[in-house]
Amino acid sequence: MLNSFKIIMVLLFIAVLPAQGQEQQKADSLQKKISKVEEDVQALKKIQFTGYLQTQFQLAEREGIASFAGGNFPENSQSRFQIRRGRVKLTWSGNLSKFVTQIDITEKGIAPKDVYLQFTDPWLRTIELTAGLFNRPFGNEITMSSSVRESPERARIYQTLFPNERDAGIMLSVHPGSHSGLHWFKADAGFFNGTGIAADFDSHKDFIGRLSFTKENAGAFSGLTLGFSYYHGFWQSGTGKYYKSLAKTNDGFRVFLPDSTGDLHSARRSYYGINGQVSVKTALGTTLV
């Protein structure tokens, strides 16, 4: 009887072993699936979709007038509803790199706004290299997003000198992090086509540089910023003439005289800029002046 009992126990033990092995395999397989899902989730966290929509209604004094912001009015229209900005932005952020692409969707069609890559140095994480189509580093208003500006349009001078704000090129930025004693300082310098979002049509490349100094929690202000910008470039002349100096004729009129020195096919562009911002926090939010 005892021997029979031992035999039964041995058989039961042998039967349990495969069952335990199968359960272990299922547990291992489930763990692998969970790990794969976690990896996929971490990869998706690097991708971010954002966007915003700005609509407006415009009423003009007469039909067909010219307009800076939003384009000219049609010949037989003096009022219109308009999608001023319909932005969709995709950002992929890695540990030391970033890819950004942004499009603008309006009733006029779809146009690219930003397409660039950005790399950060792995040692100090202070130096950034940006290449592609992005905002020109001149002043403060150009690089400030339309989604946070208190005015829907940039100043007329920026719309005139830098239409569409963006340009294709490469830029080096130095911005020490919060751990550094120089976290208040930032420098940007880059070379650009100089033609905005349009294709380049000459061999000249324009230089843009900017220095900015920011102080947070400055007394009664939540932030103070002072910046200096410089633009140096050329514009290809389609007429082959370059007018530079002014002169008075015998009739008393002031006219431009063609410049007889240098390359008459390229006109030089030199801009200097100084900008300052003060931000104040109130119960209604933060105001930037």
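For the sequence shown, this note's numbering begins at 68 and goes up steadily by one. Ideal Cβ positions, reconstructed from N, Cα and C, are used throughout, including at glycine. Source: prediction; values computed, not measured.
Cβ contact annotation for Arg203 (same chain, cutoff 6 Å, sequence separation greater than five): Ile209, Phe229, Asp234, Ile275, in chain order. The Cβ atoms of Ile132 and Gly153 lie no closer than 8 Å to each other. In the structure shown, the three-state DSSP call for Val215 is coil. Beta-bridge analysis with DSSP links Val182 to Thr168, Leu200. For Ile114, the enclosing beta strand (DSSP E) starts and ends at 114 to 126. Around the beta carbon of Lys180, 16 or more other beta carbons sit within 10 angstroms, so the residue counts as buried. Residue pairing by DSSP places Ile150 opposite Thr122 in a beta bridge. Here the alpha carbons of Ala254 and Ser247 stand approximately 15 Å from one another. Within the same chain, and ignoring the five residues on either side of Ile177 in sequence, the residues whose Cβ sits closer than 8 Å to its Cβ are Ile170, Asp171. Burial is judged here by how many other beta carbons sit within 10 angstroms of a residue's own beta carbon; Tyr339 has fewer than 16 and is exposed.
Burial is judged here by how many other beta carbons sit within 10 angstroms of a residue's own beta carbon; Tyr119 has fewer than 16 and is exposed.
Straight-line spacing of the CA atoms in Glu220 and Gly137 works out to 10 Å.
Going by C-alpha positions, Ile224 is about 15 Å away from Tyr297.
For Ile224, the uninterrupted alpha helix (DSSP H) segment begins and ends at 223 to 228. Looking at the DSSP output, Trp302 bridges to Ala334. Residue pairing from DSSP places Val155 in a beta bridge opposite Gly118, Ile170. Contact annotation, Phe135 with Gln226: C-beta distance approximately 5 Å; criterion of less than 8 Å satisfied. Where Gly236 is concerned, the enclosing beta strand (DSSP E) starts and stops at 233 to 241. Residue burial annotation: Glu232 is buried, with at least 16 other C-beta atoms found within 10 angstroms of its C-beta.
Under the three-state reduction of DSSP, Glu195 is assigned to strand. The region 122 to 130 and the region 142 to 158 touch, with no fewer than 3 CB-CB distances between them shorter than 8 Å. Apart from sequence neighbours up to five positions away, the residues of its chain that approach Phe268 with a beta-carbon distance below 7 Å are Thr262, Gln303, ordered along the chain.
Residue burial is scored here from C-beta neighbours: Gln185 has at least 16 other C-beta atoms within 10 angstroms and is therefore classed as buried. Residues of the same chain with a CB within less than 7 Å of the CB of Leu278, apart from the 5 flanking positions on each side, are Ala254, Gly294, Phe295 in chain order. Taking C-beta separations shorter than 6 Å and ignoring five residues to either side along the sequence, the partners of Asp273 in its chain run Phe259, Gly261, Gly300, following chain order. By DSSP's assignment, Arg277 forms a beta bridge with Asp255, Ser296.
The alpha-carbon separation between Val322 and His271 amounts to approximately 28 Å.
When the alpha-carbon of Thr168 is set against those of Gly161, Glu174, Asn162, Val155, the nearest one is in Val155. Excluding sequence positions up to five before and after Asn284, its CB lies within less than 8 Å of the CB of Gly290, all in the same chain and listed in chain order.
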